[in-house]
Amino acid sequence: MTLRTATPDDLDAIMAIEHRSFPTDAWSAQAMALELGSPHGRYLVDEHEGTVIGYGGVRALEGAGDADIQTIAFDAEHRGAGRGRALLRALLETAADRGAREVFLEVRADNPGAEGLYLSEGFEEIGRRPRYYQPDDVDAIVMRLVLQHRRGAAADAAKEATA
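The numbering of the sequence shown is our numbering, which starts it at 148 and goes up by one.
1. Pull up the distance between the alpha-carbon of G263 and that of D159, whole angstroms please.
2. By DSSP, does L191 sit in helix, in strand, or in coil?
3. Does the stretch 232 to 242 come close enough to the stretch 193 to 212 to have 3 or more Cβ pairs within less than 8 angstroms?
4. What do you get for D244, buried or exposed, if any count of 16 or more other CB atoms within 10 angstroms of its CB means buried?
5. Just how far apart, CA to CA, sit R189 and E196?
6. Runs of 4 residues minimum, wholly inside the stretch 175 to 235: which ones carry the alpha helix (DSSP H) assignment?
7. Please list, in chain order, all residues of the same chain as E271 whose beta carbon is under 7 angstroms from its beta carbon, the five residues on each side excluded.
8. Within its chain, find whatever has a CB closer than 8 angstroms to the CB of F248; leave out the 5 residues flanking it on each side and keep chain order.
9. Among the candidates F251, H187 and V285, whose CA atom is the shortest distance from the CA of N258?
10. I need the straight-line Cα distance from F251 to I288, nearest angstrom please.
11. Tell me A256's beta-bridge partners as DSSP assigns them.
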């Protein structure tokens with residue numbers, strides 16, 4: 148697995164995955180290009196044998212106290228192998244490094260795989276946005292992770308392992 152910071156040169160590969168992953172509500176190339184160039188976000192790509200197979204981004208302003216996972220997507224044949232988890236953890240690390248205490252995201256209610264990943268990483272459902280994803284009329288599940296609790300739990304587990 149190779150995670151690296153996305154560059155503008157990755158836009159075409161990212162957009163190809165975006166359209167395959169979200170055929171009815173993909174971001175525009177212009178919006179994604181703005182995200183890649185924003186100083187407030189960090190986008191990573193996952194490469195396999197020199198080909199971009201997934202990407203994700205987090206928006207986390209220095210000192211703002213919170214962050215938002217903007218998107219995570221992988222080509223279908225690379226899902227379910229732990230790559231999304233590794234990418235999510237790297238994005239959470241970026242958020243923590245920028246001073247975030249909480250991280251928010253929205254996930255499609257018809258995507259139990261992604262929802263399960265977020266729940267397993269400590270996110271909790273805090274609300275729903277009815278019919279958020281258009282034109283499919285799919286609800287968005289709004290989720291939050293409190294990073295301090297996550298760090299505290301990891302530290303406690305480390306102490307227990309050494310005791």
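Just so it is clear, CB atoms sit at the ideal spot from N, CA and C, and this is done for glycine as well.
Answer, in terms of the structure:
1. Taking the sequence shown and counting its residues from 1, the one referred to as residue 263 is at position 116. Taking the sequence shown and counting its residues from 1, the one referred to as residue 159 is at position 12. Per the coordinates, the alpha-carbon of G263 lies some 29 angstroms from the alpha-carbon of D159.
2. One-based indexing of the sequence shown puts residue 191 at position 44. DSSP places L191 in strand when its eight states are reduced to three.
3. Result yes; three or more Cβ-Cβ pairs closer than 8 angstroms.
4. If you number the sequence shown from 1, residue 244 lands on position 97. When all chains shown are included, D244 counts as exposed.
5. The sequence position of residue 189 within the sequence shown is 42, counting from 1. The sequence position of residue 196 within the sequence shown is 49, counting from 1. Here the alpha carbon of R189 sits roughly 23 angstroms from the alpha carbon of E196.
6. The DSSP assignment places complete alpha helix (DSSP H) segments of no fewer than 4 residues inside the stretch 175 to 235 at 176 to 184, in order along the chain.
7. Position 124 of the sequence shown, counted from the first residue, corresponds to residue 271. Taken in chain order, the residues that qualify are M290 and R291.
8. Looking up residue 248 in the sequence shown gives position 101. Per the sequence presented here, residue 248 reads as Arg, with Phe not at that position. Counting only residues of its own chain and dropping the five nearest sequence neighbours on each side, R248 has a CB closer than 8 angstroms to the CB of G212, D213, V293, L294 and Q295.
9. The residue labelled residue 258 in the question sits at position 111 within the sequence shown. For N258, the nearest C-alpha among the options comes from V285.
10. Taking the first residue of the sequence shown as 1, we reach residue 251 at position 104. Taking the first residue of the sequence shown as 1, we reach residue 288 at position 141. Their Cα atoms are separated by approximately 10 angstroms.
11. Stepping through the sequence shown from its first residue, residue 256 is reached at position 109. Bridge partners of A256: none, in fact.
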